[in-house]
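Number of protein chains: 2
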Amino acid sequence: MARSDTRESILAAALAAFARRGVEATSLDDVATAVGVRKQTLLYWFRSKDALVAGVVEAAMGELGDALDQAVASPRSGRPVRVAVVDEVLRLGARRPDLLVLLREVSRIGPPATGHLAVAIRPRLDGAAAALAGSGAGASERERARRRLLEAGARVIATAVEAELLVEMGVAPDRAWLRRRRADLLSALAP
Amino acid sequence: MARSDTRESILAAALAAFARRGVEATSLDDVATAVGVRKQTLLYWFRSKDALVAGVVEAAMGELGDALDQAVASPRSGRPVRVAVVDEVLRLGARRPDLLVLLREVSRIGPPATGHLAVAIRPRLDGAAAALAGSGAGASERERARRRLLEAGARVIATAVEAELLVEMGVAPDRAWLRRRRADLLSALAP
DNA sequence: ATCTCTCTCTACCAACTGGTAGACAACCGC
DNA sequence: GCGGTTGTCTACCAGTTGGTAGAGAGAGAT
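Those protein sequence lines, which keep their order, are chains S and X. Per our numbering, residue -5 is the first one in the first sequence, and the count goes up by one each step. Per our numbering, residue -5 is the first one in the second sequence, and the count goes up by one each step.
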């Protein structure tokens, strides 16, 4: 296997396993077997399980942040930014559900994973809060924008959890459900 | 300790631990220590960890169902049943958050815990669906009522997750948030 | 007083966990 | 060719897990 292919494969397999079965329930051996490699190879690339979690969180946040950045930057006429963001989130929920599920999982297990998440998310959050508050906004306004963003983020993750739950209950989310969730997320980001 | 006090203490400690740290991350020793008893005593009352999970799920569903039954039966004038149900759920979320968190946790870890949950919830769900559809309703109407109830239940759990997330993010849910969630849950149960 | 049943205990166990030590092969610039 | 680096491996290890076997204390019934 080429040089860093192994690392990428490990990250992908770990993301899937962490999202599907949870971090604690996933052993290093599980991930290694899924990749087709020995556990010790995995420990070569990530010096501990916690380092692996940190790596997965960082990679997932990178992918998620990039997708949102691109959605914000895409200049579709007459479409407010928050519509672009919400639609991109819904697309991600369909295309890469693991990314959103991982966020729930990380916040569930608490430290030190949440610390890694906080580190990975902080710069994005600061940037978004500054953009939302507008240039020249005071510290308290930026703080309010931050809070609004965190609430919206929690709403997104809760929506992903809800979709997961429905699937598990054998009641697959239908189009009407999706439409309602979209309107709800839009209102959570409304000015 | 009196006869069945031990069993009750084990169930209470296990519920708290399962909700706070997760089922996989909670060892039998953890629960036993919290109760002040040896692991083998715990295994006397519940023949395996899975049996303990089943016991906790059953007890939690009993408490939750009883609270909702009582809310439905309480004849407060001019207050529609769904308002009573939603308010009782919110009260439970504040008073016994573990009950709702456990539901999320169980559905997260999947079988066999979800099987226990399905067994514990089925009679309540059937009864509620029949009541919602009204007497003399056909099978398809009852099925629709069932789906509406499951969707509402998923919404409740998602709301509990959202509250958990906000707390973890250091953004405690405030009164305005609670008001919005209440309205949202009411509309999920709207006719 | 003794027998039986309920409950909790001590003493284990095999399987698995995350992690370490170090051998070995393939490839690199020299 | 050669020494060093990179990547993967086998062989272990100590700690923890869920679970078993069985002893023994206490209470009630006879």
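From the three backbone atoms N, C-alpha and C, an ideal C-beta is built for every residue, glycine too. Keep in mind it's a predicted model, so treat the numbers as computed, not measured.
> Under 7 Å between C-beta atoms, does methionine -5 of chain S make it to chain X?
Replying inline: Because methionine -5 of chain S sits at a pLDDT of 45, beneath the cut-off of 50, its placement in the model cannot be relied upon, and the point is left open.
>> Let's test the definition: count the other Cβ atoms within 10 Å of the Cβ of glutamate 158 of chain X and tell me whether it reaches 16, buried, or not, exposed.
In response: By the 10 Å Cβ count, glutamate 158 of chain X comes out buried.
> Taking the alpha-carbon positions, what's the leucine 119 of chain X to valine 155 of chain X distance?
Replying inline: 22 Å
> Assuming arginine 140 of chain X contacts alanine 125 of chain X under a Cβ cut-off of 8 Å, what Cβ separation, rounded to an integer in Å, is found between them?
Replying inline: The Cβ separation is near 12 Å, so there is no contact.
>> Any C-beta of chain S within less than 9 Å: which residues of the region 133 to 146 of chain X qualify?
In response: Arg140, Arg141, Leu144 and Glu145
>> So, for tryptophan 39 of chain X: in the same chain, excluding its five sequence neighbours on each side, which residues have a beta-carbon less than 7 Å away from its beta-carbon?
In response: So the list reads Thr0, Arg1 and Ile4, once near-sequence residues are dropped.
> Are at least three pairs of beta-carbons, each pair with one atom in the region 25 to 39 of chain X and one in the region 96 to 115 of chain S, less than 8 Å apart?
Replying inline: no
>> Taking the alpha-carbon of phenylalanine 12 of chain X as reference, which of X:Ala182, X:Leu183, X:Glu162 and X:Glu99 has the nearest alpha-carbon?
In response: X:Glu99
> Any idea what DSSP makes of arginine 70 of chain X, helix, strand or coil?
Replying inline: coil
> In chain S, what lies closer than 8 Å to glycine 16 of chain X by C-beta?
Replying inline: Gly16, Glu18, Arg102 and Ile103
> Which residue's Cα is closest to the Cα of leucine 58 of chain X: X:Ile151, X:Gly132, X:Arg136 and X:Ala107?
Replying inline: X:Ile151
>> Using CA atoms only, rank isn't needed, just tell me which of S:Ala170, S:Ala177 and S:Ala45 is closest to proline 106 of chain S.
In response: S:Ala45
> DSSP three-state call for phenylalanine 12 of chain X: helix, strand or coil?
Replying inline: Helix, per DSSP.
> Closest to aspartate 92 of chain X by CA distance: which of X:Val66, X:Arg73 and X:Ala10 is it?
Replying inline: X:Ala10
> Among the residues of its own chain, which have a CB less than 7 Å from the CB of alanine 61 of chain S, if the five just before and after it don't count?
Replying inline: Glu82 and Leu86
> Name the chain X residues whose beta carbon is nearer than 7 Å to that of glutamate 156 of chain S?
Replying inline: What glutamate 156 of chain S touches in chain X, judged by beta-carbon distance under 7 Å, is Ala148, Arg149 and Ala152, going in chain order.
>> Any beta carbon of chain S sitting closer than 7 Å to that of leucine 160 of chain X?
In response: yes
> Applying a beta-carbon distance threshold of less than 7 Å, which residues of chain X neighbour valine 83 of chain S?
Replying inline: Simply none; closest approach about 15 Å.
> Do we get a CB-CB distance below 7 Å when we pair methionine 163 of chain X with the residues of chain S?
Replying inline: yes
>> Is it buried or exposed, glycine 147 of chain S, if we count other Cβ atoms within 10 angstroms and call 16 or more buried?
In response: buried
>> Closest to tryptophan 171 of chain X by C-alpha separation, out of S:Gly164, S:Ala19, S:Val77 and S:Arg142, would be which residue?
In response: S:Arg142
> Counting along the chain, where does the alpha helix (DSSP H) carrying proline 106 of chain X start and finish?
Replying inline: Taken as a continuous stretch (DSSP letters only), proline 106 of chain X belongs to no alpha helix (DSSP H), as it is neither H nor E.
>> Applying the 10 Å Cβ sphere with the 16-neighbour rule, what's the burial state of alanine 7 of chain X?
In response: buried
>> So, for lysine 43 of chain X: in the same chain, excluding its five sequence neighbours on each side, which residues have a beta-carbon less than 7 Å away from its beta-carbon?
In response: Leu22
> When you compare only the Cα positions, how much space is there between leucine 183 of chain S and valine 80 of chain S?
Replying inline: Taking the straight line joining both Cα atoms gives about 9 Å.
> Are there 16 or more other CB atoms within 10 angstroms of the CB of alanine 54 of chain S, so buried, or fewer, so exposed?
Replying inline: buried
> Residues in its own chain within less than 8 Å of valine 51 of chain S by CB, not counting five upstream and five downstream?
Replying inline: Leu96, Val100, Ala107, His110, Leu111 and Ala114
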